[in-house]
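Protein chains in written order, with my numbering: chain A, 1 to 297; chain B, 298 to 594; chain C, 595 to 891; chain D, 892 to 1188.
A quick write-up on the structure given underneath.
Now the structure itself:
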């Protein structure tokens, strides 16, 4: 069993930590919110007064934080992880942040002799609870193999995208494509409805044809077509509009930095921006179909 | 065995007719291009001097024409199909045309007591030759069941979308979504490459994640990732840019007529328009990745 | 003084007719709404029981109708204008309709020996009342010179765009550009505000620089910068969102028919479509800045 | 007469320096390219071996550099301006850079007691040579009044946008709007041509109507309509595609950082990106009309 420091116990981090505890690992945890720490403690974790204390004797540091600046602060800050860990500690950041930031932190870690993985996830809170997350991992082969047993406790699919930062790039590319497909699928369904088609029939036709995609398989944006998806539950739960917007902004930032043309990705970002501004930021991202639909439909 | 009039023997129509002949049906054929008629005759068809002659004694009329005005002319013209057929003839138009046009022609047919299906296909020339087309059918249940044995000779998947015109709507919605996904997939792959990812690795990750779609399954736009796809063959063969542009324009027209917002569909149409104007109209539609990529990549 | 038949007495048509009456012309008028006829009669017009009656002895027929189908019906219908007028009557349609429809009606008129102008206007209800409309005229030189004295009663600027239909094309192009500029100006002002700029200062800088355009000159979309514009009056009055959407749809239709790439025009249409769907169809078109702005700004 | 250090003698900086010299000011100059220094020296400037040497005794430091990182390096570097100047030196950066960077450098200067203006220009190389540039200035009133006599030697219009960084914001907003208007104007002209209009007639109509904008006034993108504009000179000279792309990227970056929706601005950036990738980066930015036009027109 491994000695793990787990930093960041939010909606995603807490169930990930709970799964590691349930698998028998020893966790020292820290979060800025005391209540989050308490929940982890009641599942068997040891509370730490600071990130620096939590990581002191850890074999693995796993972090799950909201944004790049938190990750930079955690690892590179004056009282941060790199200043506090012992030789040989494996670093694993599961936050979704800009590839550039991930590379910068990894390079700092490597310059001090540590191996660091960027390992952002997809699968949402449901996947975190069920231990069925997908990990997109950037970093060394040896680091990944060393960490794999822990990732397999938290997730089902583990992809190795390449060197440092590529896990973030893969997630960023994937989620930009997901956002485009969710809007495109919504447009197609709305166009069909306006022409008198049954959205369930149209969805099945497209799913089995060249329009097929993940949203048609398991996450149809039109209410009532699938059970147990957010669209059928008033767009509650799932992956929020503001989280999709965050990922589309990371993609847009990377496209700017690398001079890549992403016309549909840019427009998808702007449409999710309008949707969020209209007050739908906390709804599931499939609710974009509501922004697009005619009032009467 | 059925007596069939087959009108329109182009790249798609000819192999469809050949499959019907190979299955033992009797075909009377017409096309404006004599050489096309000759090819069908050498496969066993009977040549007709005009569409009116071809359809005179047919149990089924099947048409496969380039655009709505040809369909209107064929069926509604003064010397057209409706003026020439006998009672009980089943009409089946496989052309890809505007839903509004399909409905207009169907209504004219029905007002004269005929049953008409709109049954556009997907699957390309390859699918037409192999008899593995997908049919998206609008019209009556009885008409579809009556025609099904013939469709099963030419295709593999047969979807019933609803009443008259809905076959066209389903195809239009599906292909708009396909165009969006091809561009979105291309943008994601280009963004990954610019960030140092291997496009094959990224494609596999997205295919198995929430970015998964038909293009990643069987039609990757980046050369060298899949065998036997147009991208690996200098974008030759497949489904041409100008044909995708035609379908995106049909979707845009329907969106205009029905007051539906399709921001990504509209932008996809404009991007394929720019790609066609730049001289790529005859390349496969996956070549849109070239319009978007950086010069050096 | 001329004998004029004026058909269509809506928000625009009525004040145009009133200006012609005030200038001493004799008007025979028709509208489907009796109350509209009464208003014109109280200003000195003669009521007619039908369009056919109104146009019987007219030297000029002027029409101002909502859409192309009304224009086709008025001129080409079995009891329509062309069937009712005397030799030498000059036809002038001021409606905003598709160029294709305008050409079709003009051609029918010309084939029967009549001269017809398409003469859509800009300037809104205010311009119609003040007699300061802009006319964009398609048709013959002689027809325009013959009609010019009447147009000068109703308007201030009279442009000759070319042959039949070009008046509609010019208006369609102009208004597509106007819609793009209104959105672009709104985006620029919002971006400035989010960066701490005073929108009035920024507007003045852009107006006098290379970003200068008509909206910055006389129709600023941000409230409080200009007096007597809709933005300063809760977006009441002015040129409605749904009217701008109608014009952007005419431009999109013409772009489709002529295979022209209009990526910004298409996106502008979709954004006005979203704005209309959100319930703002009756507000002035400068209210698009509200769709785009952040909730807090 | 003032003692000025002028850093950055490129296409813009050199003629600006020459105008200051011609007005009798004393310039100490530095550039990384010796040939550029020589040209300034032959106009009366004094060459310096480094920026640090150039600025040592200056009353004013004026910089004109390609990008933000050069500006940060010049002012904040270990051997940079802030480390080398004497008390009371007025700092004026005329480069076009991100507002965030301008604010960061200004704050560093102010924290050391210096007054700094961000004063990006528009007007191109022609305006720099003629001394008719437009300055958009961010910073203190007193700093601007102190510097105004020098700005008036180099330019004609001087706008005060607000505090530090707002000069950059104003330019960024203006140029985003300019890019949008150039594309929108091109789309409208192309649509008119495809419908048979004379582009010169259409341009004049729109210029005098609600579609009017700066490009129609002085910079028409269609060849042959105006003399002495790049479009009439094979799109040579003027303001390059890659410079417009740079400004649109600065706007996109600022929109991302401030969570502002700029759908047309984003699409304009992507279209200029495609245009640049197709090999047109060095042409004038009005050449975007070529990307959009049909092959035959």
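From the three backbone atoms N, C-alpha and C, an ideal C-beta is built for every residue, glycine too.
Practice problem: For residue 980 of chain D, I'd like the list of residues in its chain whose CB is within less than 8 Å of its CB, leaving aside the five on either flank, ordered along the chain. | Solution: Against the fourth chain, residue 980 of chain D aligns to sequence position 89. Closer than 8 Å at Cβ, skipping near neighbours: 946, 949, 950, 951, 952 and 1005.
Practice problem: With 8 Å as the threshold, decide whether the Cβ of residue 395 of chain B is near any Cβ in chain C. | Solution: Within the second chain, the letter at position 98 stands for residue 395 of chain B. Not one chain C Cβ lies under 8 Å of residue 395 of chain B.
Practice problem: Give the residues of chain D in contact with residue 777 of chain C, contact being defined as C-beta atoms less than 7 Å apart. | Solution: As a first step, residue 777 of chain C must be located in the third chain, where it is residue number 183. Near residue 777 of chain C (Cβ distances below 7 Å), the residues of chain D are 1155.
Quiz item: At what residue ranges does the region 1011-1046 of chain D contain a whole run of the beta strand (DSSP E), taking only runs of 3 or more?
Solution: 1024-1029
Quiz item: In the region 1140-1178 of chain D, which residue ranges form an unbroken alpha helix (DSSP H) of at least 4 residues, counting only runs that do not cross its ends?
Solution: 1154-1166
Quiz prompt | Host alpha helix (DSSP H) of residue 812 of chain C (start-end) | solution = Your numbering for residue 812 of chain C matches position 218 in the third chain. Its alpha helix (DSSP H) spans residues 808-812.
Exercise. Under 8 Å Cβ to Cβ from residue 1159 of chain D, same chain only, skipping five residues before and after it: list those, please.
Key: For this step, residue 1159 of chain D is matched to residue 268 along the fourth chain. Excluding positions up to five away in sequence, the list reads 1067, 1070, 1071, 1074 and 1139.
Quiz item: What number of angstroms, rounded off, separates the C-alpha of residue 1178 of chain D from the C-alpha of residue 1047 of chain D?
Solution: Looking up residue 1178 of chain D in the fourth chain gives position 287. Looking up residue 1047 of chain D in the fourth chain gives position 156. When rounded, the distance between both Cα atoms is 27 Å.
Exercise. Select from D:1110, D:1094, D:1101 and D:1035 the residue whose C-alpha is nearest the C-alpha of residue 803 of chain C.
Key: Residue 803 of chain C sits at position 209 when you count from the first residue of the third chain. When each option's Cα is compared against that of residue 803 of chain C, the closest is D:1110.
Quiz prompt | Within-8 Å CB hit, residue 928 of chain D to chain C | solution = Start at 1 with the first residue of the fourth chain, and residue 928 of chain D comes out as number 37. So no, residue 928 of chain D is outside the interface.
Quiz item: Do residue 988 of chain D and residue 1059 of chain D have their CB atoms nearer than 8 Å?
Solution: Walking along the fourth chain from the start, residue 988 of chain D turns up at place 97. Walking along the fourth chain from the start, residue 1059 of chain D turns up at place 168. Cβ atoms of residue 988 of chain D and residue 1059 of chain D: closer than 8 Å.
Quiz item: Does the beta carbon of residue 868 of chain C sit closer than 8 Å to a beta carbon anywhere in chain A?
Solution: Taking the third chain and counting its residues from 1, one reaches residue 868 of chain C at position 274. By this cut-off, residue 868 of chain C is an interface position.
Quiz item: Looking at the structure shown, is residue 322 of chain B part of a helix, part of a strand, or coil, going by DSSP?
Solution: On the second chain, residue 322 of chain B is found 25 positions in, with the first residue counted as 1. DSSP places residue 322 of chain B in coil when its eight states are reduced to three.
Practice problem: Could you pull the start and end residues of the alpha helix (DSSP H) that residue 405 of chain B belongs to? | Solution: For the purposes of this step, residue 405 of chain B is taken as the residue at position 108 of the second chain. Residue 405 of chain B -> alpha helix (DSSP H) spans 396-408.
Quiz item: Helix or strand or just coil, what does DSSP make of residue 819 of chain C?
Solution: On the third chain, position 225 is the one that residue 819 of chain C refers to. If DSSP states are grouped into helix, strand and coil, residue 819 of chain C belongs with coil.
Self-check item: Cutoff 8 Å; reference residue 347 of chain B; Cβ partners in own chain excluding five residues on either side
Solution: Residue 347 of chain B sits at position 50 when you count from the first residue of the second chain. Closer than 8 Å at Cβ, skipping near neighbours: 327 and 376.
Quiz item: Name the chain D residues that come within less than 7 Å of residue 555 of chain C, Cβ to Cβ?
Solution: In this structure chain C extends from 595 to 891, so residue 555 of chain C is not present and cannot be described.
Self-check item: Beta carbon of residue 305 of chain B nearer than 8 Å to that of residue 361 of chain B
Solution: Along the second chain, read from residue 1 onward, the residue named residue 305 of chain B stands at position 8. Along the second chain, read from residue 1 onward, the residue named residue 361 of chain B stands at position 64. It is a contact, given that the beta carbons lie within the stated cut-off.
Quiz item: Of the residues that make up the region 139-162 of chain A, which ones have a beta carbon closer than 9 Å to any beta carbon in chain B?
Solution: 157, 159, 160, 161 and 162
Quiz item: Mind pulling the chain F residues with CB within less than 8 Å of residue 204 of chain A?
Solution: Among the chains of the structure shown, chain F does not appear; the protein chains present are A, B, C and D.
Exercise. Report yes or no: do the region 412-431 of chain B and the region 312-321 of chain B share at least 3 C-beta pairs separated by less than 8 Å?
Key: yes
Quiz item: What is the rounded straight-line gap between the Cα of residue 854 of chain D and the Cα of residue 1116 of chain D?
Solution: In this structure chain D extends from 892 to 1188, so residue 854 of chain D is not present and cannot be described.
Quiz item: Identify the residues that DSSP records as bridge partners of residue 114 of chain A: which are they?
Solution: Walking along the first chain from the start, residue 114 of chain A turns up at place 114. Partner(s): none; residue 114 of chain A has no beta bridge.
Quiz prompt | Residues that residue 641 of chain C bridges to, as DSSP identifies them | solution = Taking the first residue of the third chain as position 1, residue 641 of chain C is located at position 47. DSSP, once it has assigned bridges, lists C:623 as partnering residue 641 of chain C.
Practice problem: Could you check which residue in B:567, B:578, B:587 and B:388 has the C-alpha nearest to that of residue 1168 of chain D? | Solution: Taking the first residue of the fourth chain as 1, we reach residue 1168 of chain D at position 277. Cα-wise, what sits closest to residue 1168 of chain D is B:587.
Quiz prompt | Whole-number beta carbon distance between residue 1044 of chain D and residue 1035 of chain D, since they are thought to touch under 8 Å | solution = Here residue 1035 of chain D refers to the residue found at position 144 of the fourth chain. Here residue 1044 of chain D refers to the residue found at position 153 of the fourth chain. That belief does not hold up - the Cβ atoms of residue 1035 of chain D and residue 1044 of chain D are roughly 15 Å apart, past 8 Å.
Quiz item: Can you tell me whether DSSP reads residue 93 of chain A as helix, strand or coil?
Solution: What you label residue 93 of chain A is simply residue 93 of the first chain in a count that begins at 1. DSSP places residue 93 of chain A in strand when its eight states are reduced to three.
Practice problem: Check whether the Cβ atoms of residue 151 of chain A and residue 102 of chain A lie closer than 8 Å to each other. | Solution: Walking along the first chain from the start, residue 151 of chain A turns up at place 151. Walking along the first chain from the start, residue 102 of chain A turns up at place 102. No. Outside cutoff.
Quiz item: In whole angstroms, what separates the C-alpha of residue 826 of chain C from that of residue 894 of chain D?
Solution: On the third chain, residue 826 of chain C is found 232 positions in, with the first residue counted as 1. On the fourth chain, residue 894 of chain D is found 3 positions in, with the first residue counted as 1. Distance between the alpha carbons of residue 826 of chain C and residue 894 of chain D: 48 Å.
Quiz item: residue 797 of chain C and residue 785 of chain C: beta carbons closer than 8 Å?
Solution: Within the third chain, numbered from 1, the residue matching residue 797 of chain C stands at position 203. Within the third chain, numbered from 1, the residue matching residue 785 of chain C stands at position 191. The answer is no: Cβ separation not under 8 Å.
Quiz item: Excluding the five sequence neighbours on either side, which residues of its own chain have a C-beta within less than 6 Å of the C-beta of residue 604 of chain C, listed in chain order?
Solution: In the third chain, residue 604 of chain C corresponds to position 10, counting from 1. None.
Quiz item: Are the C-beta atoms of residue 833 of chain D and some chain B residue less than 8 Å apart?
Solution: No answer is possible for residue 833 of chain D: it lies beyond the span of chain D, which begins at 892 and ends at 1188.
Quiz prompt | Bounding residues of the beta strand (DSSP E) (the contiguous stretch that carries residue 655 of chain C) | solution = In the third chain, counting from the first residue as 1, residue 655 of chain C sits at position 61. That run of the beta strand (DSSP E) goes 654-657.
Quiz prompt | Counterpart residues of residue 459 of chain B in DSSP-defined beta bridges | solution = To locate residue 459 of chain B, count along the second chain from 1; it is residue 162. Bridge partners of residue 459 of chain B: B:435.
Quiz item: Nearest CA to the CA of residue 436 of chain B: which residue from B:458, B:420 and B:520?
Solution: Working through the second chain from its first residue, we reach residue 436 of chain B at position 139. Per the Cα distances, B:458.
Quiz item: Using DSSP with H/G/I as helix, E/B as strand and the rest coil, what is residue 85 of chain A?
Solution: Position 85 of the first chain, counted from the first residue, corresponds to residue 85 of chain A. Residue state, collapsed to three classes: coil.
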